Each structure stands twice: as structure tokens, then as C-alpha cells.
Amino acid sequence: MRALHHIWFGPVVAMLLFYPYSGAAGRLDEADEYEAKTALLYNFAKLVTWPEDAFGAADAPFVFAILGPNPFGRSMKLIQGKRMHGRPIEVRHYPTVADFKSCQVLFCSPEDLQKIKGQHPERLRLGHVLTVGQKDPFAHNGGILYLTFAEDHLAFVINLGAARRTGLDISASLLSLALDVIETDEN
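If you want it as C-alpha cells, here you go:
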């Protein structure tokens, strides 16, 4: 069953990645871009394995969180209530680093990532948090997943060293689709 899971989601992620985000009017508008990014994050999370202690309790939800300004608008509501790894999905917004609590997937800026690493490093490492950002040099500063555009297509860079340090296992099929994989984690 696990093999079928990877066979099905690999093409879905590839389709979303290689679907062109340009046309006569240029790149998709911001709302459409963030709907596509929401779908990617949802499918990425299916291809990552979290340790059981990442959840705290057997009935704990799978939490997608946004730290700081919310560029996703209402698009993250599309996954609210769905299931991820047998758990109901909950979407949270933390306005500031001081508000940050536990989650499994955290979308944040490189600046906020550095603040968390400085003020609450255990929340990322012990919480097994998949950190996601869209500003360079997110992955080179210890973030795990950096979303970008390459030739008008949504693309991503994975910091495998940071993922391993956090206790996350990223599937080979997801790694094979990455624009780049950073093998070491200096931060």
C-alpha cells in the first residue's frame, strides 16, 4: 500500500510543479499562486514521515501553521479538516514568534526562522517541524523546504541535513523532484 501511495503522489506533485504559471497575462494572480502552493504543501506532507512523538497524543491533529503575515489568504482553508497521516488537519496562524506553538508544517520567513532558532530551538527540533519558506536563502539558513520559481514553474529546494536533524524522513520520490537538495546543515 505504501508503494502505491508514493506512485500516486509523485505524479501529482510533478504535475503541480511543472504546470506553467505564466500565460498571456503573465504569472497567475497571487490567490491562484497560493492555492497551488497550498496543494503542494499538502502533497509534500504526504511524502514526509514524522516520528510518532511529533504529535504528543494519539488523537492530536496534524497542524499546518503560518507564522507572521499570511500570504495564503483563505487558500489554506482548503485543507482544513482533511486528513494527513491518519490525523485531522488543523490550520493555525501565529502572528508573531512569541505566539508560535507546536505544529508539523510551519510556513515562515527566514527572519522568523532565525528568531525561533534563537529563542525556541527545541520547538523546531524536538517538535519535528517541517519548515517552509519562499525567500532566499531559506534552505541555506537551516529551513527545510524553500519554494521558488524556475522558468515560470513552481520549484523547491530541500535542505536534507536540516530535515534529518529534525527527525523527518523525506521520501526519495520527493527528493528526486527537487530543484536542488542540500546535503548538509550548517545551522
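End of the sequence shown sits at 187 in my numbering; the numbers just go up one at a time, nothing left out. Just so it is clear, CB atoms sit at the ideal spot from N, CA and C, and this is done for glycine as well. Bear in mind that the values here come from a model prediction, so they are computed numbers and not experimental data.
| Asked | Found |
| --- | --- |
| Between the alpha carbons of His-85 and Ala-150, how many angstroms are there, rounded? | 30 Å |
| Please specify which runs of the beta strand (DSSP E), each continuous and at least 3 residues long, are wholly inside the stretch 48-134, giving them in chain order. | 62-67, 87-94, 105-107 and 130-133 |
| Going by C-alpha to C-alpha distance, which of Thr-166, Glu-30 and Ile-170 sits closest to Asp-53? | Thr-166 |
| Buried or exposed for Glu-122, please, with buried defined as at least 16 other CB atoms from any protein chain shown within 10 angstroms of its CB. | exposed |
| Taking just the CA atoms, how far does Leu-106 sit from Phe-138? | 13 Å |
| Which class does Thr-148 belong to by DSSP, given the choice of helix, strand or coil? | strand |
| Between the beta-carbon of Phe-55 and the beta-carbon of Arg-92, is there less than 8 Å? | no |
| Phe-44 lies in the beta strand (DSSP E); which residues open and close that run? | Counting along the chain, Phe-44 falls outside any beta strand (DSSP E), though it belongs to the alpha helix (DSSP H) covering 30-46. |
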